[in-house]
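Using the UniProt record's numbering, the letters of the sequence shown correspond one by one to residues 1 to 283. We treat Cβ as the ideally placed atom computed from N, Cα and C, and that holds for glycine. Step one of this worksheet: look at the structure below.
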Amino acid sequence: MLEEYRKHVAERAAEGIAPKPLDANQMAALVELLKNPPAGEEEFLLDLLTNRVPPGVDEAAYVKAGFLAAIAKGEAKSPLLTPEKAIELLGTMQGGYNIHPLIDALDDAKLAPIAAKALSHTLLMFDNFYDVEEKAKAGNEYAKQVMQSWADAEWFLNRPALAEKLTVTVFKVTGETNTDDLSPAPDAWSRPDIPLHALAMLKNAREGIEPDQPGVVGPIKQIEALQQKGFPLAYVGDVVGTGSSRKSATNSVLWFMGDDIPHVPNKRGGGLCLGGKNCTHLL
Numbered sequence: 001m002l003e004e005y006r007k008h009v010a011e012r013a014a015e016g017i018a019p020k021p022l023d024a025n026q027m028a029a030l031v032e033l034l035k036n037p038p039a040g041e042e043e044f045l046l047d048l049l050t051n052r053v054p055p056g057v058d059e060a061a062y063v064k065a066g067f068l069a070a071i072a073k074g075e076a077k078s079p080l081l082t083p084e085k086a087i088e089l090l091g092t093m094q095g096g097y098n099i100h101p102l103i104d105a106l107d108d109a110k111l112a113p114i115a116a117k118a119l120s121h122t123l124l125m126f127d128n129f130y131d132v133e134e135k136a137k138a139g140n141e142y143a144k145q146v147m148q149s150w151a152d153a154e155w156f157l158n159r160p161a162l163a164e165k166l167t168v169t170v171f172k173v174t175g176e177t178n179t180d181d182l183s184p185a186p187d188a189w190s191r192p193d194i195p196l197h198a199l200a201m202l203k204n205a206r207e208g209i210e211p212d213q214p215g216v217v218g219p220i221k222q223i224e225a226l227q228q229k230g231f232p233l234a235y236v237g238d239v240v241g242t243g244s245s246r247k248s249a250t251n252s253v254l255w256f257m258g259d260d261i262p263h264v265p266n267k268r269g270g271g272l273c274l275g276g277k278n279c280t281h282l283l
């Protein structure tokens, strides 16, 4: 598995893009390696587990959450993972398959503080909210802490404050930019693969925009040259975002101008949207 993955990493690097996240089969193979890690691969295996598995309800996330839950309960062993570390990693998975193990951990005196901290900053609970509420009503102090944290909106108020001053480098695109310019329909097949799909952003030449391969690859070198100035990029246009492919268009822009999301492979967030008249198109 590691040999094949490293080959894939090299192939993607040749295209100038990040490797794909692990799929369910790769994650299952990773589980076996974590149980009996080859000498010298320990740090690499932990990095794959921590940073290269999609969160939420992805099939690979199901395998990851199940393994970490087993570690937390003592049903599986790895020399690289303690139950405490397993709960900590479950807390990075945003929602979905990680929720039940975190709620279960509220009943474990040793793991409950870690689980409570993770759940306090997890919003994608859906009906599992009532499971935490039930534990709180039954007297579980850590469940009470989670409920109070949600009520106090700590998940929002503890976020970094907006800077008093923002310095950005302008990436100027003349005229109107529609979502097909940012996420071309002929390249729709690659939309789930954000780094690959983003290569097609602005692939057709226009004033001030010089695609690396006209009609195929957008102005990557031009963007990279601006990034060398050391400031975040700001996409500036006269009209930006008309069209229907708003999610994939936003993903393309954010891939070049956003911030990495901790523990979430191949997706970026952040960015700042300013408009003179209408800011709805890409929101």
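My output table needs one value for residue i: the three-state DSSP class, helix, strand or coil.
i, result
"Leu-166", "coil"
"Tyr-97", "coil"
"Arg-52", "coil"
"Leu-102", "helix"
"residue 289", "Because the chain here runs from 1 to 283, residue 289 falls outside it and cannot be looked at."
"Ile-87", "helix"
"Ser-248", "helix"
"Asn-128", "helix"
"Arg-206", "strand"
"Lys-172", "strand"
"Thr-242", "strand"
"Ser-149", "helix"
Pull up the distance between the alpha-carbon of residue i and that of residue j, whole angstroms please.
i, j, result
"Gly-237", "Pro-265", "29 Å"
"Gly-215", "Leu-182", "13 Å"
"Pro-219", "Gly-271", "20 Å"
"Asp-180", "Asn-251", "13 Å"
"Gly-175", "Pro-211", "17 Å"
"Gly-56", "Ala-24", "13 Å"
"Gly-16", "Gly-258", "17 Å"
"Lys-137", "Ala-115", "18 Å"
"Phe-256", "Gln-213", "17 Å"
"Ala-72", "Arg-246", "40 Å"
"Gly-92", "Val-217", "Reading the sequence as shown, one finds Thr at residue 92 and not Gly. Distance between the alpha carbons of Thr-92 and Val-217 is about 34 Å."
"Ile-261", "Val-240", "24 Å"
"Ala-205", "Arg-52", "34 Å"
"Pro-19", "Phe-231", "25 Å"
"Arg-268", "Pro-113", "29 Å"
"Gly-74", "Pro-83", "7 Å"
"Leu-226", "Leu-124", "37 Å"
Nearest to residue i by alpha carbon, out of the options?
i, options, result
"Ile-223", "Gln-213, Ile-209, Val-216 and Pro-214", "Ile-209"
"Ala-29", "Pro-19, Asn-178, Val-63 and Ile-17", "Val-63"
"Glu-207", "Ala-234, Thr-177 and Gly-230", "Thr-177"
"Ala-70", "Asp-58, Lys-85 and Ala-24", "Lys-85"
"Glu-32", "Pro-21, Asn-51, Glu-59 and Leu-2", "Leu-2"
"residue 292", "Ala-13, Gln-26, Gly-91 and Ala-18", "Residue 292 falls outside the range modelled here, since the chain spans only 1 to 283, and no answer is possible."
"His-100", "Lys-77, Pro-113, Gly-74 and Gly-66", "Gly-66"
"Asn-36", "Ser-78, Lys-20 and Leu-233", "Ser-78"
Classify residue i: buried if its beta carbon has 16 or more other beta carbons within 10 angstroms, exposed otherwise.
i, result
"His-197", "buried"
"Tyr-235", "buried"
"Pro-38", "exposed"
"Thr-167", "exposed"
"Tyr-130", "exposed"
Self-check item: Cβ pair count under 8 Å reaching 3, the segment 189 to 196 against the segment 169 to 180
Solution: Contact between the segment 189 to 196 and the segment 169 to 180 is absent, with fewer than three C-beta pairs closer than 8 Å.
Quiz item: Is the segment 42 to 58 close to the segment 7 to 16, with three or more CB pairs under 8 Å?
Solution: Verdict: no, contact absent.
Quiz prompt | Cβ pair count under 8 Å reaching 3, the segment 160 to 169 against the segment 136 to 151 | solution = Short answer: they don't touch.
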